[in-house]
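Q: Numbering (this note's numbering), first residue to last: 6 to 345.
In this text, a Cβ means the ideal position worked out from N, Cα and C, and glycines have one as well.
To start, I am sharing the structure in question, which I have written as structure tokens.
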């Protein structure tokens with residue numbers, strides 16, 4: 006059905022895997038409340054892989070915002086990217102545009118200038134001057150709840166259900182079944198050692214020592230993206246390294262079939278939460294765990310209470326990475342206490 010004949014909602018959610026998962030409860034409820042609307046998702050490439058098969062969107066536009074890169078991008082390139090997003094939204098001519106990010110000014114700026122009849126989002130750094138419904142910025146609230154609160158500004162006084170989701174398909178499921186059969190693996194621990202955000206990482210040497218301890222008793226599968234070259238070095242007896250070899254959907258299936266997940270504040274523990282898998286997050290002081298820890302009663306967090314916590318930095322500016330100063334033995338003992 007043509008979007009022009011239906012009420013058109015555009016949702017801008019251009020973050021990574023974990024953020025897309027934390028947004029999924031809002032998106033499920035949006036679809037439920039607007040059954041007859043045409044909903045377009047403007048998603049990052051990773052976000053598209055997470056959300057495309059959940060029967061939420063009628064159409065998906067892939068957009069890779071340059072201003073959200075971990076590595077610093079030149080000022081003009083960031084603004085040109087924002088203008089490209091604005092042109093994309095304006096081409097869609099939505100009745101409602103919803104921008105879900107509260108962490109950057111450019112997303113607010115794009116929402117302010119777009120041609121949507123109604124605009125809902127956050128006024129970050131004064132850039133939300135053109136937003137019709139400015140959602141208050143709140144700290145210390147889980148991201149899942151914060152996302153759902155957006156819907157209360159569209160449909161007030163409605164009970165909302167929290168349901169996480171990630172897309173998997175038959176092809177990915179079969180691929181993982183074949184892989185596990187090939188290596189004769191039935192029960193295994195998934196370890197995701199690199200987050201893509203240096204200030205969130207425990208360090209590859211620490212993970213190497215931890216994995217070697219775990220592998221004395223249990224099968225370990227190491228995962229990561231194609232850019233995570235350091236993780237490719239984590240090998241040994243009882244260790245299968247699949248870094249850079251799996252798609253996002255295959256990674257989701259692998260975690261679904263796993264018995265435990267260990268990682269930093271990153272994608273793997275959030276995927277585990279979708280399937281209610283036990284997981285252990287080594288949480289850095291970069292972000293607030295009240296907001297960003299995986300939404301799952303089976304997710305356990307290790308965290309150091311340090312003065313510089315919730316710094317929001319991509320790179321630690323302290324003499325030592327105090328917030329990630331866990332010993333290998335500490336983490337191993339915590340894992341053993343949880344893995345039952």
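What are the start and end residues of each continuous beta strand (DSSP E) run of 3 or more residues lying completely inside the segment 34-77, in chain order?
A: Within the segment 34-77, the complete beta strand (DSSP E) runs of at least 3 residues are 43-48, 64-67.
Q: Quick check: what's the CA-CA separation for residue 104 versus residue 218?
A: Start at 1 with the first residue of the chain shown, and residue 104 comes out as number 99. Start at 1 with the first residue of the chain shown, and residue 218 comes out as number 213. Spanning the two alpha carbons is a distance of roughly 44 Å.
Q: Are the beta-carbon atoms belonging to residue 233 and residue 248 less than 8 Å from one another?
A: Position 228 of the chain shown, counted from the start, is the residue given in the question as residue 233. Position 243 of the chain shown, counted from the start, is the residue given in the question as residue 248. In contact: residue 233 and residue 248 (Cβ atoms closer than 8 Å).
Q: With burial defined as no fewer than 16 other Cβ atoms inside 10 Å of the residue's Cβ, what is the status of residue 189: buried or exposed?
A: For the purposes of this step, residue 189 is identified with residue 184 of the chain shown, where counting begins at 1. Exposed is the call here.
Q: What is the DSSP secondary structure of residue 241, reduced to helix, strand or coil?
A: The residue you call residue 241 lines up with position 236 of the chain shown. Strand at residue 241.
Q: From this set, 121, 142, 119, 123, which residue's C-alpha is nearest residue 130's C-alpha?
A: Here residue 130 refers to the residue found at position 125 of the chain shown. Residue 130 has its Cα closest to that of 142, out of 121, 142, 119, 123.
Q: On the DSSP letters alone, give me the boundaries of the beta strand (DSSP E) that residue 1 sits inside.
A: As shown, the chain starts at 6 and ends at 345. That puts residue 1 outside it, with no answer to give.
Q: Measure the C-alpha to C-alpha separation of residue 237 and residue 192 and round it to an integer number of angstroms.
A: Along the chain shown, read from residue 1 onward, the residue named residue 237 stands at position 232. Along the chain shown, read from residue 1 onward, the residue named residue 192 stands at position 187. The straight-line gap from Cα to Cα measures roughly 21 Å.
Q: With residue 102 as the anchor, note down where its beta strand (DSSP E) starts and where it stops.
A: Here residue 102 refers to the residue found at position 97 of the chain shown. Where residue 102 is concerned, the enclosing beta strand (DSSP E) stretches over 101-104.
Q: Buried or exposed: where does residue 6 fall if 16 or more other Cβ atoms within 10 Å of its Cβ makes it buried?
A: One-based indexing of the chain shown puts residue 6 at position 1. Interpretation of residue 6 is limited by its pLDDT of 42, a score under 50 that renders its predicted location unreliable; the figure taken from the coordinates is listed afterwards. By the neighbour-count rule (16 or more Cβ atoms within 10 Å), residue 6 is not buried but exposed.
Q: Give the DSSP-derived three-state secondary structure of residue 291 in the structure shown.
A: Position 286 of the chain shown, counting from 1, holds the residue named residue 291. Note: residue 291 maps to coil in three-state DSSP.
Q: Given that a residue counts as buried once 16 or more other Cβ atoms are within 10 Å of its Cβ, and exposed if not, what is residue 175?
A: Here residue 175 is taken as the residue at index 170 of the chain shown, counted from 1. Exposed: under 16 other Cβ atoms inside 10 Å.
Q: Opposite residue 144 in the DSSP bridges: which residues?
A: Sequence index remark: in the chain shown, residue 144 carries index 139 (1-based). Its beta-bridge partners do not exist; DSSP assigns none.
Q: Take residue 246 as the anchor and find which of 56, 228, 253 has the nearest alpha-carbon.
A: Translated into positions along the chain shown, residue 246 becomes position 241. With distances taken between Cα atoms, residue 246 lies closest to 228.
Q: Unbroken alpha helix (DSSP H) runs of length 4 or more, entirely within the segment 95-181: which are they?
A: DSSP runs (the alpha helix (DSSP H)) wholly in the segment 95-181: 110-118, 148-157.
Q: Label residue 22 either buried or exposed according to how many other C-beta atoms from any shown protein chain fall within 10 Å of its C-beta, with 16 as the threshold for buried.
A: Here residue 22 is taken as the residue at index 17 of the chain shown, counted from 1. Buried: at least 16 other Cβ atoms inside 10 Å.
Q: Would residue 329 be called buried (16 or more neighbouring beta carbons within 10 Å of its own) or exposed?
A: For the purposes of this step, residue 329 is taken as the residue at position 324 of the chain shown. Classification for residue 329: buried.
Q: Between the C-alpha atoms of residue 128 and residue 222, what's the straight-line distance to the nearest angstrom?
A: Position 123 of the chain shown, counting from 1, holds the residue named residue 128. Position 217 of the chain shown, counting from 1, holds the residue named residue 222. Roughly 51 Å separates the two Cα atoms.
Q: Based on the DSSP output, what are the partners of residue 285 in its beta bridges?
A: Along the chain shown, one-based indexing puts residue 285 at 280. Answer by DSSP bridge pairing, in chain order: 267, 305.
Q: Assign residue 332 to one of two classes, buried (16 or more other C-beta atoms within 10 Å of its C-beta) or exposed (fewer than that).
A: Locating residue 332 in the chain shown gives position 327, counting from the first residue. Residue 332 is exposed by the Cβ-count criterion.
Q: Mapping DSSP to helix, strand and coil, what is residue 226?
A: As a position in the chain shown, residue 226 is number 221, starting the count at 1. Here residue 226 sits in strand by DSSP.
Q: Could you tell me the distance, in whole angstroms, from the CA atom of residue 71 to the CA atom of residue 78?
A: Position 66 of the chain shown holds residue 71. Position 73 of the chain shown holds residue 78. Spanning the two alpha carbons is a distance of roughly 7 Å.
Q: Can you round the beta-carbon distance between residue 61 and residue 36 to whole angstroms, since I take them to be within the 8 Å contact cut?
A: Here residue 61 corresponds to residue number 56 of the chain shown, with the count starting at 1. Here residue 36 corresponds to residue number 31 of the chain shown, with the count starting at 1. The Cβ separation is near 5 Å, so the contact holds.
Q: Should residue 145 and residue 325 be called a contact, given that it needs their Cβ atoms to be closer than 8 Å?
A: In the chain shown, residue 145 corresponds to position 140, counting from 1. In the chain shown, residue 325 corresponds to position 320, counting from 1. Their beta carbons are not under 8 Å apart, which means residue 145 does not touch residue 325 by this criterion.
Q: Note the first and the last residue of the continuous beta strand (DSSP E) segment covering residue 16.
A: To locate residue 16, count along the chain shown from 1; it is residue 11. Run containing residue 16: 13-18, per the beta strand (DSSP E) assignment.
Q: Report the residue from 202, 24, 220 whose alpha carbon sits nearest the alpha carbon of residue 196.
A: In the chain shown, the residue the question calls residue 196 occupies position 191. Comparing Cα-Cα distances from residue 196 to each of 202, 24, 220, the minimum goes to 220.
Q: What separation, rounded to the nearest whole angstrom, lies between the Cα atoms of residue 41 and residue 279?
A: Position 36 of the chain shown holds residue 41. Position 274 of the chain shown holds residue 279. Going by the C-alpha atoms only, they are around 27 Å apart.
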